[in-house]
Every structure is written in structure tokens, then in C-alpha cells.
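**Student:** Pasting a structure below so you can have a look.
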Amino acid sequence: MEQLPAGMNHPLDILFPGGKTRALTLSYDDGTVHDRELIRILNRFGIKATFHLNSGRLGSEGYLRAGDIRSLYDGHEIASHTVTHPHLCEFDEPLIVSEVSRDMASLSELAGYPVRGFSYPYGEYSDFISGVLRALGVAYARTVRSTHGYALPENFLQWHPTCHHGEDLLDRTRTFLDRDVPQGALALLYVWGHSYEFHDRNDWNLMADFAREIGGDRSVWFCTNIELCDYLMAAGRLEHSADKTTIVNSGDIPVWIVRDRIPCELMPGQSTRVRPA
Ligand SMILES: [Zn+2]
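Just so we're on the same page, this note's numbering is the position in the sequence shown counted from 1, plus 1378.
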């Protein structure tokens, strides 16, 4: 059995929005037409996902059309996967910059908001590529290296998911939902894949069963990749007085904390007194 995460390295106990201790996020790559069926299932159960698209493939056979993506992915997140889905490990810096920055610019225009997330084509990543992404202002980048655990990411630019949906998803989901999350820990289930795999293997029932199992669970925060990233960044930026008795949220989104053992939402600009640790 995997260990649940020890929580963030933070003197305070952080909670997810709504005072929750579990979060689910999904990440699906390539933007084929099968995303339509996936979104239909997710929307029925109130589950959010991130869709990593190649702007250079939109409109070609089997892929979504550029003009359709804003409405289709409404309520979810559109993120980058490069323009042409190359092997980035074979590229020098200018080519990486071109593949990523042009994709983000095109997708941002189509989405109507700044696209800030990324997933590595073929899952190929390196510290060099991650450094180029950081310099471009990319907020996070997902790999395909399954952790089979529920910990929060240590490095958002090499964000390893829990599992591909083909790796015992229903068992992992039950483990995720059934275990007690100790105070001070936050648990994340992060699933990735391609929607065409459900089509090719004729197992859309897997996603439907998964969505039914977890979709109604009120202990779970359903979020996109960037929502989770922004939230944890905001939580990490809470500021403490020197004696640790006062904490202030100087960011621009609300953050939930445990104060005197009670969940408490700290609004932007708000400060509160807490017992010293
Ligand atoms: Zn891909």
C-alpha cells in the first residue's frame, strides 16, 4: 500500500477548497475527436479535466477543429502539448522554444484565456527541457511517469501523475476514497491518458464506472491541473509573522487552512491569528 503524502512542508495545515482533503484532476492528451465523448461523461458527473492539445494538428483528420475547442472544453482547461508533437529530446533550445511558445500563443487565442500548462509529448522530459519551459513561463508540465501514489507534486515542471487510466484505475480510486487522510496531509489522484484509447479498446465503460464512483463524492475537490497548481502555489505563499501567531494571505485567491482544528477560509488580503506550532 502506498503512503499518503506527509503534506506540504508548511507550519500550517492546508486544506483544499471547501475544507477538503482530497483532490482529483485528470489530464488527456492530443485533442482527438474522442475528447467529445470523454467530456460528455465527465460533465455528467461534475469532474474537471485538462486537455493538452497540439495546435498544428487541429482540423486534420481525427482531430478537433480549432473553432470548436473553446465551447467543447468550457469548464475544463486547455493546455499545450507543442505545435506538432515532436520528440523534444532531439531538439535544441530555439526549436523547443518555437514548438512551445507558438502552441501556447495559438491555443490562448482559441481558448480566450492565457494557456499556461503543458504535457511532454511522448512523456519525454529532461532537466534541460524543463528549464526552457520555466523560462517561457510555463506553470506546470506533466510527465507519463506513474507514481502509483497520492502525494502532491514536488516539482510542477516534472509533475508525475498517479497513473494512466489503464493501470487498475477503479481499485486505485477506491483506495483513494476509502483511506483516512490524516490531518496535515492532502491526497491527490491524478489520472492521465488519451480519449482515443477508450475508443480503440472499446472500454468507455471504464471511464463511466470511474466517473460514477468518484463523481458524487463530496470529500473530493474536482479541479483542472492549473487550478490545482495555482492553489498550491497560493498556499505556499501564505506569510507568517515571526512568532508564527499570525498568518496573512497576500495572494489573490482564497486558501483554506486549519485554525484551532477547524477548517477556515482565508480570503485574499485577510490575516488571522493561529496558535504557535
Ligand atoms: Zn501526445
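All residues carry an ideal CB built from backbone N, CA and C; glycine is no exception. This structure is a prediction, so every number in the text was calculated from the model and none was measured.
1) Leaving out five residues on either side along the sequence, give the residues of the same chain with a beta carbon under 6 Å from the beta carbon of HIS1618.
2) Just the C-alpha distance for ILE1425 and ALA1565, rounded to the nearest angstrom, thanks.
3) DSSP state of HIS1388, grouped into three classes?
4) Grab the span of the beta strand (DSSP E) containing THR1650 for me, first residue to last.
5) For ligand 1, any of its heavy atoms closer than 8 Å to the Cβ of PRO1499?
6) So what does DSSP say about ARG1639, is it helix, strand or coil?
7) My output table needs one value for HIS1577: the three-state DSSP class, helix, strand or coil.
8) What residue range is occupied by the uninterrupted alpha helix (DSSP H) comprising ASP1549?
9) Assuming LEU1404 contacts VAL1569 (C-beta within less than 8 Å), just tell me the rounded distance between them.
10) Can you check whether the CB of TRP1537 is closer than 9 Å to the CB of GLY1551?
11) Which runs of the alpha helix (DSSP H) fall wholly inside the region 1592 to 1646 and span at least 4 residues, in chain order?
12) Would DSSP call TYR1500 helix, strand or coil?
13) Can you list, in chain order, the stretches of the alpha helix (DSSP H) that have 4 or more residues and sit fully within the region 1428 to 1469?
14) Taking 8 Å as the line, does the beta carbon of ASP1413 fall inside it for any heavy atom of ligand 1?
15) Taking one C-beta from the region 1427 to 1437 and one from the region 1591 to 1598 each time, how about it: are there three or more such pairs within less than 8 Å?
16) Should ASN1580 be counted as a contact of ligand 1 given a C-beta to heavy atom distance under 8 Å?
**Tutor:** Inspection of the coordinates gives the following:
1) In the sequence shown, the residue the question calls residue 1618 occupies position 240. In its chain, beyond the 5 residues on either side, ILE1625 have a beta carbon closer than 6 Å to the beta carbon of HIS1618.
2) Start at 1 with the first residue of the sequence shown, and residue 1425 comes out as number 47. Start at 1 with the first residue of the sequence shown, and residue 1565 comes out as number 187. C-alpha of ILE1425 to C-alpha of ALA1565: approximately 17 Å in a straight line.
3) The residue given as residue 1388 occupies position 10 in the sequence shown. With a pLDDT of only 48 at HIS1388, under 50, the local geometry of the prediction cannot be trusted, and no value is derived from it.
4) Stepping through the sequence shown from its first residue, residue 1650 is reached at position 272. Looking at the DSSP string, the run of the beta strand (DSSP E) that includes THR1650 is 1649 to 1651.
5) By 1-based counting over the sequence shown, the position of residue 1499 is 121. At least one heavy atom of ligand 1 is nearer than 8 Å to the Cβ of PRO1499, so yes.
6) As a working note, residue 1639 is residue 261 in the sequence shown. If DSSP states are grouped into helix, strand and coil, ARG1639 belongs with coil.
7) Mapped onto the sequence shown, residue 1577 falls at position 199. Three-state DSSP puts HIS1577 in a helix.
8) Reading the sequence shown from its first residue, position 171 is the one you call residue 1549. The continuous alpha helix (DSSP H) containing ASP1549 extends over residues 1547 to 1556.
9) Reading the sequence shown from its first residue, position 26 is the one you call residue 1404. Reading the sequence shown from its first residue, position 191 is the one you call residue 1569. Yes, LEU1404 and VAL1569 are in contact; Cβ-Cβ is about 5 Å, under 8 Å.
10) On the sequence shown, position 173 is the one that residue 1551 refers to. On the sequence shown, position 159 is the one that residue 1537 refers to. The residue asked about is misnamed: residue 1551 is Thr in this sequence, not Gly. No, the pair does not count as a contact, with Cβ atoms beyond the cut-off.
11) Runs of the alpha helix (DSSP H) inside the region 1592 to 1646: 1603 to 1614.
12) One-based indexing of the sequence shown puts residue 1500 at position 122. Three-state result, TYR1500: helix.
13) Runs found: 1447 to 1450.
14) Here residue 1413 refers to the residue found at position 35 when the sequence shown is read from its first residue. Flag unset: Cβ of ASP1413 not near ligand 1.
15) By the criterion of at least three beta-carbon pairs nearer than 8 Å, the region 1427 to 1437 is not in contact with the region 1591 to 1598.
16) Walking along the sequence shown from the start, residue 1580 turns up at place 202. Flag unset: Cβ of ASN1580 not near ligand 1.
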